[in-house]
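Read the structure below first, then the notes.
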Amino acid sequence: MLAAGAEDVQVDATVGAHSVDVLWRKGDRTGVIEVSSAPPELTRARVLTAELRSSGCSEVLWICPPGFWTAQLPALGLDDFAADGCEYRVVGGLLTSGPGGVVTARQSACELREFITGWVAEEMAFGCRDEHTGGWATVNDWERHTRTQAAVIARQRQELMNQRTALALARKATRDKTKQLLRLTHRLERAEIAAQQQADDLAQTRRKIADHNRVDATLRLTVSSQRSAILHWQLITWFAVLVIITFIAAGLVLK
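Numbers in my numbering are just positions in the sequence shown, counted from 1, shifted up by 393.
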């Protein structure tokens, strides 16, 4: 690390209440390296990382075996902790720019010495791929990743604005249709009231016509009875006249 440009490097140093494996400084940067030959316990490692950062160590690196935990911590996975000639190879925890500019897991191995050199020179940095996972990549890869994410966010923001506009138009159309439906419902209610009024008037008119028909039938029956009575009286009158004429004629004959 001194050869890579670090100004001060301490092994088994103390930071606050914790003892760290490697502590290095360069300018206003302070970094810590924690080495774990066994898979780290995630909860403890996260707590320790947070406490070291709060103690002024802005950059923390865990060196451990490869596994899923390298994406959960600012960690690198080494393939062998007893490499010949200290040629340690990093096989996990590294990211590289993928299709479209988004960083993806790096498939090829990297020399730990090469990573340390880039890290001290501020060419390598740790970043988050999403809410839960992260990794180490070059600053240029992170810049492309950030630009890609910014473009995706801008596109999603525009899509969201378009969706909000479409939703607002749909809501306005729904309100207009609701108002139109209310007006039509009100008109229908008024038409139903008018139809009911007309039905009531029609029923009343039918009742009046039925009453008139009954009165007409009664009057017709009365007229028919009176005609029959007049006819009877006429017959009686003619019979009486004939009788009187008969008596007169008989009297004249007797004289």
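Built from N, CA and C at the ideal position, the CB exists for glycine as well.
Nothing here was measured: the structure is a model prediction, and the numbers come from that model.
Next on the checklist: Does Arg568 come out as helix, strand or coil in the three-state DSSP assignment?
Outcome noted: Taking the sequence shown and counting its residues from 1, one reaches residue 568 at position 175. It is helical.
Checklist entry - Between Leu488 and Arg506, which are expected to be in contact by the criterion C-beta below 8 Å, what is the C-beta distance as a whole number of angstroms? => result Looking up residue 488 in the sequence shown gives position 95. Looking up residue 506 in the sequence shown gives position 113. Contact between Leu488 and Arg506 does not hold, since their C-beta atoms are separated by about 19 Å, which reaches or exceeds 8 Å.
Checklist entry - Of the choices Ser448, Gln465, Ser429, Ser430, whose alpha-carbon is the least far from that of Thr436? => result Numbered from its first residue, the sequence shown carries residue 436 at position 43. Here the closest residue by C-alpha is Gln465.
Next on the checklist: Does the structure place the stretch 532-541 close enough to the stretch 556-565 that three or more beta carbon pairs sit under 8 Å?
Outcome noted: Two segments are said to touch when three or more pairs of C-beta atoms, one from each, lie closer than 8 Å; by this definition the stretch 556-565 does not touch the stretch 532-541.
Item to check | Whole-angstrom distance between Pro467 and His525, CA atom to CA atom | outcome: Taking the sequence shown and counting its residues from 1, one reaches residue 525 at position 132. Taking the sequence shown and counting its residues from 1, one reaches residue 467 at position 74. Cα atoms of His525 and Pro467: separation of roughly 12 Å, rounded to the nearest angstrom.
Checklist entry - So does the stretch 419-431 actually touch the stretch 447-456, counting three or more Cβ pairs closer than 8 Å? => result Output reads yes: the stretch 447-456 touches the stretch 419-431.
Checklist entry - Along the chain, where does the beta strand (DSSP E) that runs through Ala530 open and close? => result Taking the first residue of the sequence shown as 1, we reach residue 530 at position 137. Where Ala530 is concerned, the enclosing beta strand (DSSP E) stretches over 527-531.
Checklist entry - What whole-angstrom Cβ distance do Glu434 and Gly409 have, given they're in contact under 8 Å? => result Counted from its first residue, the sequence shown places residue 434 at position 41. Counted from its first residue, the sequence shown places residue 409 at position 16. Not a contact, Cβ separation roughly 20 Å.
Checklist entry - So, are the CB atoms of Gly470 and Val484 less than 8 Å apart? => result Working through the sequence shown from its first residue, we reach residue 470 at position 77. Working through the sequence shown from its first residue, we reach residue 484 at position 91. Contact: yes.
Checklist entry - Taking the C-alpha atoms as reference points, what is the distance between Thr571 and Trp529? => result Taking the first residue of the sequence shown as position 1, residue 571 is located at position 178. Taking the first residue of the sequence shown as position 1, residue 529 is located at position 136. Straight-line Cα distance between these residues: approximately 56 Å.
Item to check | Residue ranges of each alpha helix (DSSP H) within the stretch 540-597, 4 or longer | outcome: For the stretch 540-597, there is no continuous alpha helix (DSSP H) assignment of 4+ residues that stays within its boundaries.
Next on the checklist: the ligand GTP and Leu614: does the residue's C-beta get closer than 7 Å to at least one heavy atom of that ligand?
Outcome noted: The model depicted lacks the ligand GTP and carries no ligand whatsoever.
Checklist entry - If we count the other Cβ atoms within 10 Å of its Cβ and call it buried at 16 or more, is Ser501 buried or exposed? => result On the sequence shown, position 108 is the one that residue 501 refers to. So Ser501 ends up on the exposed side.
Item to check | For Ser429, the nearest candidate out of Arg418, Asp472, Lys601 (CA to CA) | outcome: Locating residue 429 in the sequence shown gives position 36, counting from the first residue. Nearest of Arg418, Asp472, Lys601 to Ser429, Cα basis: Asp472.
Checklist entry - Would you report the Cα separation of Met394 and Leu553, rounded to the nearest angstrom? => result Residue 394 sits at position 1 when you count from the first residue of the sequence shown. Residue 553 sits at position 160 when you count from the first residue of the sequence shown. In this structure, the CA atom of Met394 is about 48 Å from the CA atom of Leu553.
Next on the checklist: Tell me the DSSP secondary structure of Asp405 in three-state form.
Outcome noted: Here residue 405 is taken as the residue at index 12 of the sequence shown, counted from 1. Asp405 carries a strand assignment under DSSP once its states are collapsed to helix, strand and coil.
Item to check | As assigned by DSSP and simplified to three states, the class of Val608 | outcome: Taking the sequence shown and counting its residues from 1, the one referred to as residue 608 is at position 215. Looking at Val608 - three-state DSSP - the assignment turns out to be helix.
Item to check | Whether Asp401 touches Ser412 by CB criterion (8 Å) | outcome: As a working note, residue 401 is residue 8 in the sequence shown. As a working note, residue 412 is residue 19 in the sequence shown. Contact: no.
Checklist entry - Are the CB atoms of Gln513 and Ala397 nearer to each other than 8 Å? => result What you label residue 513 is simply residue 120 of the sequence shown in a count that begins at 1. What you label residue 397 is simply residue 4 of the sequence shown in a count that begins at 1. Gln is not the amino acid found at residue 513; the sequence shown has Val there. Yes, they are a contact pair.
Item to check | 8 Å Cβ cutoff met for Thr539 and Glu516 | outcome: Counted from its first residue, the sequence shown places residue 539 at position 146. Counted from its first residue, the sequence shown places residue 516 at position 123. No, the Cβ-Cβ distance between Thr539 and Glu516 is not below 8 Å.
Next on the checklist: Helix, strand or coil, according to DSSP, for Asp477 in the structure here?
Outcome noted: For the purposes of this step, residue 477 is taken as residue 84 along the sequence shown, with counting starting at 1. Three-state result, Asp477: helix.
Checklist entry - Can you list the beta strand (DSSP E) stretches of 3 or more residues lying completely in the stretch 422-473, in chain order? => result Listed in chain order, the beta strand (DSSP E) elements of length 3 or more contained wholly in the stretch 422-473 are 422-428, 452-457, 468-471.
Checklist entry - DSSP puts Gly520 in a beta bridge; with which residues? => result Translated into the one-based positions of the sequence shown, residue 520 becomes position 127. DSSP, once it has assigned bridges, lists Gly528 as partnering Gly520.
Checklist entry - Starting from Arg499 and walking both ways along the beta strand (DSSP E), at which residues does that stretch end? => result Position 106 of the sequence shown, counting from 1, holds the residue named residue 499. Neither: Arg499 is in no beta strand (DSSP E) and is coded neither H nor E.
Checklist entry - Hey, Gly527 and Phe519: beta-carbon distance below 8 Å or not? => result Position 134 of the sequence shown holds residue 527. Position 126 of the sequence shown holds residue 519. Yes, the Cβ-Cβ distance between Gly527 and Phe519 is below 8 Å.
Checklist entry - What span of residues does the alpha helix (DSSP H) with Val483 cover, start to end? => result On the sequence shown, residue 483 is found 90 positions in, with the first residue counted as 1. According to the DSSP assignment, Val483 belongs to no alpha helix (DSSP H) but to the beta strand (DSSP E) extending over 482-485.
Item to check | Asp636 in three-state terms, based on DSSP | outcome: As a working mapping, residue 636 is identified with position 243 in the sequence shown. The sequence given here has Val at residue 636, not Asp. Residue state, collapsed to three classes: helix.
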